[in-house]
Amino acid sequence: MLKLELDHSSLDRLQADCVLVPVFNDLKLQGHVQALDSHVWNQLSNHLDKKVFDGEAGSMRLLSFSPKSGIKSALLVGLGDPSVFNLESLRRQSASAALSARASNARNLLSLLHHVRVLHASPADALEASALAMGMALYQFNHYKTQNLDKIKSLNEIRLFEPHASDAAKKALKQAQALLESIFLVRDLVNTPSNNKTPPELAKFVQGFCKKNGLSCTVLPKARLAKLGMNSFLAVNAGSSTKNPAQLVRIEYAPKHAKKTLSLVGKGITFDTGGINLKPWEGMLTMKLDMTGAATVLGIVLAAKKLELQGMRIVSYMVLTENIPGPDAIRPQDIVTAYNGKTIEVIHTDAEGRLVLADVLAYSEKNDRPDYLFDFATLTGAVSVALGRHFTGLLGNDDALLAGLEQSGQKTGEWVWKLPLTEEYKDQMKSPIADVMNIGKYKGEGGTILGAAFLSYFVEKTPWAHFDIAATGFFNDPDPTRTYWTRGASGVGVQLVIDWLNRQAMGRAPR
Ligand code: BES
Ligand code: ZN
Ligand code: ZN
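In terms of the working numbering, the sequence shown opens at residue 318 and continues consecutively.
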């Protein structure tokens, strides 16, 4: 695991393969950076004086020092215009700088990047965001490689220069480390191929994992789900139920003085072939990602536990099954009765995420009596048509709640965009012969909204938020502007919900 630490050594004792130095486009060295400069024989200012490095955002310059010196190299990191420099800029530059340092063979780094003025952010916010972005960028998934392992460059030690190591800085670092661990867990689980994360295997892993981490965990096996009447969930499992029976994993973190409950439901399709409505190969290619929601809700409850957040009890559900054709698989126009008694006509077997979530949303609302109910799901391909890859689709039944979540999205860089969810859309999900159907009647229209409209039939009165992370949870082809999101799973959602919980605890959110 990558380690984040504060370094409060005095300047003459500092040691690092590479030190990251922030430089705005005014090329002025300030504060700690100026002090550092005098300890590296003014090589930073001498270089800047040559005017070859302009400090524009994205520019970088590596300066190598004597191999005998404690600091072996410095990377000048251009941050651009100081008057527009915000937390997201800091994240992006930190991520790219860390990757550059690794590419230059540094095995550890010491960063001063957070010692700059950042719009609308405290020094602790800057420290946390910068540390986390560097850690996220340096993630690698090499568990399946057996050859040339010695050629893989690894940088596993990030130190942040913090001479005074204040309580706020320590707290920010601790939070970055906890978030990083959760994000890495989400990424590892999602990036794991589906042959190694069948529902029974994954449930077993999570049980062991929870035990190690002091979380309580219950696994409801298929027979139990059948008794409870989760026929919508089990309909998706029908194609593979003998070999890989469905599992509902319930994880709970219950701090002593919690006053409220947050329930999180995660779509956990360990592989989505589409079922009888089989996907074409390109569409199926990345479908190991279809349990990202389940991994995310595990990551969130783990981070809450690591940070010992006190305000809320958190219950996370991982709704695990494959969606695979077989002689027993559900067929188009089959009708099933969900946990809440509503009947569902299954028009399309590839719209399976909403079927598995429906039962568990209703179950959790009834049995956990949460104050808030969130679900995370790679629900629709349509969300990338609507929003591209930069915003998660957000829908729900409570505008004040959604506004609070938008704020957390803005703060953490895990942007969300609210889509409308009015009665018109809900009406489109009514079936001619059952209560509801699982796809809308106008092909190709408003797919993301209709997915949420379907889910709305399974939440009665609890303030509810649905996160469609189909376009933000996984990047086969990662975005060059956000290098903290590496190839494969991104881990979005973890930072956002932890920020929202922190705001709730401080009573700053609108609801
Ligand atoms: N798991 C997919 C959605 C998806 C697509 C996630 C691409 C990530 C990338 C989901 O189960 C699905 O197949 N949805 C269908 C719904 C349609 C049949 C109404 C879709 O998006 O095409
Ligand atoms: Zn599907
Ligand atoms: Zn799916």
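Don't be surprised by glycine CBs; every beta carbon is placed ideally from N, CA and C.
Taking Cβ to Cβ, would you say T765 is nearer than 9 Å to G710? Taking the sequence shown and counting its residues from 1, the one referred to as residue 765 is at position 448. Taking the sequence shown and counting its residues from 1, the one referred to as residue 710 is at position 393. It is a contact, given that the beta carbons lie within the stated cut-off.
Once you ignore the five residues that flank N657 on each side, which residues in its own chain have a CB closer than 7 Å to its CB? What you label residue 657 is simply residue 340 of the sequence shown in a count that begins at 1. For N657, where only same-chain residues beyond five positions count, the Cβ hits under 7 Å are A679 and F775.
Using the beta-carbon count (16 or more within 10 Å), is Q627 buried or exposed? Within the sequence shown, residue 627 is the residue found at index 310, counting from 1. With fewer than 16 Cβ atoms within 10 Å of its Cβ, Q627 is classed as exposed.
Cut-off 7 Å between Cβ atoms - residues of its own chain near K659, not counting five sequence neighbours on either side: One-based indexing of the sequence shown puts residue 659 at position 342. Excluding residues within five positions, the ones whose Cβ falls inside 7 Å are D752, V753 and Y774.
Suppose the cutoff is 8 Å on Cβ atoms and the five residues either side in sequence are ignored; what does the same chain contact list for T739 look like? Taking the sequence shown and counting its residues from 1, one reaches residue 739 at position 422. Once the five neighbours on either side are set aside, T739 has no close Cβ partner at all.
Quick one: measure Cβ to Cβ for N561 and P516, integer angstroms, because I've assumed they're closer than 8 Å. Translated into the one-based positions of the sequence shown, residue 561 becomes position 244. Translated into the one-based positions of the sequence shown, residue 516 becomes position 199. 5 Å between Cβ atoms; contact.
In the DSSP output, what is A806 paired with across the bridge? Position 489 of the sequence shown, counted from the first residue, corresponds to residue 806. Its beta-bridge partners are F791.
Quick one: which unbroken alpha helix (DSSP H) runs of 4-plus residues sit fully inside the segment 380-445? Chain order, please. 404-420
On the three-state DSSP scale, how would you describe S533? If you number the sequence shown from 1, residue 533 lands on position 216. Three-state DSSP puts S533 in a strand.
For Q812 and M604, I'd like the C-alpha separation in whole angstroms. Here residue 812 refers to the residue found at position 495 when the sequence shown is read from its first residue. Here residue 604 refers to the residue found at position 287 when the sequence shown is read from its first residue. Roughly 24 Å separates the two Cα atoms.
Status (buried if at least 16 other CB within 10 Å, exposed otherwise) for E762: Taking the first residue of the sequence shown as position 1, residue 762 is located at position 445. The residue in question, E762, is exposed, as its Cβ has fewer than 16 Cβ neighbours within 10 Å.
Distance, Cα to Cα, R504 vs N363? Residue 504 sits at position 187 when you count from the first residue of the sequence shown. Residue 363 sits at position 46 when you count from the first residue of the sequence shown. Answer to the nearest angstrom: the Cα atoms are 42 Å apart.
Among L615, G585 and N755, the one whose alpha carbon lies nearest that of I661: For the purposes of this step, residue 661 is taken as the residue at position 344 of the sequence shown. For the residues L615, G585 and N755, the minimum Cα distance to I661 belongs to N755.
Taking just the CA atoms, how far does L416 sit from R799? Here residue 799 refers to the residue found at position 482 when the sequence shown is read from its first residue. Here residue 416 refers to the residue found at position 99 when the sequence shown is read from its first residue. Cα-Cα distance, rounded: 12 Å.
Suppose you measure from the CA of L696 to the CA of F550; what does that come to, to the nearest Å? The sequence position of residue 696 within the sequence shown is 379, counting from 1. The sequence position of residue 550 within the sequence shown is 233, counting from 1. Rounded to whole angstroms, L696 to F550 spans 15 Å at the Cα level.
Looking at the structure shown, is R828 part of a helix, part of a strand, or coil, going by DSSP? The sequence position of residue 828 within the sequence shown is 511, counting from 1. Low local confidence applies: a pLDDT of 44 at R828 is under 50, so the model's placement there is unreliable, with the coordinate-based value given in what follows. It is coil, neither helix nor strand.
By how many angstroms is the C-alpha of N594 removed from the C-alpha of A668? For the purposes of this step, residue 668 is taken as the residue at position 351 of the sequence shown. For the purposes of this step, residue 594 is taken as the residue at position 277 of the sequence shown. The straight-line gap from Cα to Cα measures roughly 9 Å.
Let me know the beta strand (DSSP E) ranges lying completely inside the segment 688-771, each 3 residues or longer, listed in chain order. 689-694, 709-713 and 733-735
Which value, in whole angstroms, describes the spacing of the CA atoms of R419 and P737? Working through the sequence shown from its first residue, we reach residue 419 at position 102. Working through the sequence shown from its first residue, we reach residue 737 at position 420. Going by the C-alpha atoms only, they are around 44 Å apart.
With hydrogens ignored, establish whether the beta-carbon of T695 is closer than 8 Å to any heavy atom of ligand 4. Absence of ligand 4 is noted for the structure shown, with ligand 1, ligand 2 and ligand 3 being the only ligands found.
Can you list, in chain order, the residues of its chain whose CB lies under 6 Å from that of V673, leaving out five sequence neighbours each side? In the sequence shown, the residue the question calls residue 673 occupies position 356. Closer than 6 Å at Cβ, skipping near neighbours: F550, V553 and V636.
Could I get the ranges of all uninterrupted beta strand (DSSP E) runs contained in the segment 457-511, with 3 residues as the minimum, in chain order? 474-478
Does I641 pass the burial test, meaning 16 or more other C-beta atoms within 10 Å, or should it be called exposed? What you label residue 641 is simply residue 324 of the sequence shown in a count that begins at 1. Label assigned to I641: buried.
Neighbourhood of R424 by C-beta, 8 Å cutoff - its chain only, sequence neighbours within 5 removed: As a first step, residue 424 is located in the sequence shown; it is residue number 107 there, counting from the start. Cβ neighbours of R424 beyond the five flanking positions: D334, S471, L472, N473 and E474.
Would you call the CB atoms of V632 and D685 closer than 9 Å? For the purposes of this step, residue 632 is taken as residue 315 along the sequence shown, with counting starting at 1. For the purposes of this step, residue 685 is taken as residue 368 along the sequence shown, with counting starting at 1. The answer is yes: Cβ separation under 9 Å.
Since A374 and S406 are thought to touch, with beta carbons under 8 Å apart, how far apart are those beta carbons, to the nearest angstrom? Position 57 of the sequence shown, counted from the first residue, corresponds to residue 374. Position 89 of the sequence shown, counted from the first residue, corresponds to residue 406. Right, their Cβ atoms sit about 7 Å apart.
Excluding the 5 residues flanking A450 on each side, which residues of the same chain have their C-beta closer than 6 Å to its C-beta? Against the sequence shown, residue 450 aligns to sequence position 133. Result list for A450: R408, S411, A412 and Y801, in chain order.
For H364, the three-state DSSP class (helix, strand or coil): Within the sequence shown, residue 364 is the residue found at index 47, counting from 1. DSSP places H364 in helix when its eight states are reduced to three.
Report, in whole angstroms, the separation of the C-beta atoms of A482 and A441, which I expect to be a contact under 8 Å. For the purposes of this step, residue 482 is taken as the residue at position 165 of the sequence shown. For the purposes of this step, residue 441 is taken as the residue at position 124 of the sequence shown. Incorrect: roughly 12 Å between the Cβ atoms, too far for contact.
Which residues bound the beta strand (DSSP E) around M635? Taking the first residue of the sequence shown as position 1, residue 635 is located at position 318. Taken as a continuous stretch (DSSP letters only), the beta strand (DSSP E) holding M635 covers M629 to N640.
Report yes if the CB atom of L581 is closer than 9 Å to the CB atom of D692, and no otherwise. In the sequence shown, the residue the question calls residue 581 occupies position 264. In the sequence shown, the residue the question calls residue 692 occupies position 375. Their beta carbons are under 9 Å apart, which means L581 touches D692 by this criterion.
I'd like to know whether the C-beta atoms of A620 and S428 end up nearer to each other than 9 Å. As a first step, residue 620 must be located in the sequence shown, where it is residue number 303. As a first step, residue 428 must be located in the sequence shown, where it is residue number 111. Against a cut-off of 9 Å, the Cβ pair of S428 and A620 comes out as no contact.
Short of 8 Å in beta carbon distance, which residues of its chain neighbour N403, apart from the five on each side in sequence? Order them along the chain. Indexing the sequence shown from 1 puts residue 403 at position 86. Correct list, in chain order: V435, L436, H437 and A438.
Flag this pair as yes or no: are the beta carbons of L772 and H783 separated by less than 9 Å? Taking the sequence shown and counting its residues from 1, the one referred to as residue 772 is at position 455. Taking the sequence shown and counting its residues from 1, the one referred to as residue 783 is at position 466. Yes, these two residues count as a Cβ contact at 9 Å.
Can you list every residue whose CB sits closer than 5 Å to some heavy atom of ligand 3, going in chain order? I586, D589, D607 and G670
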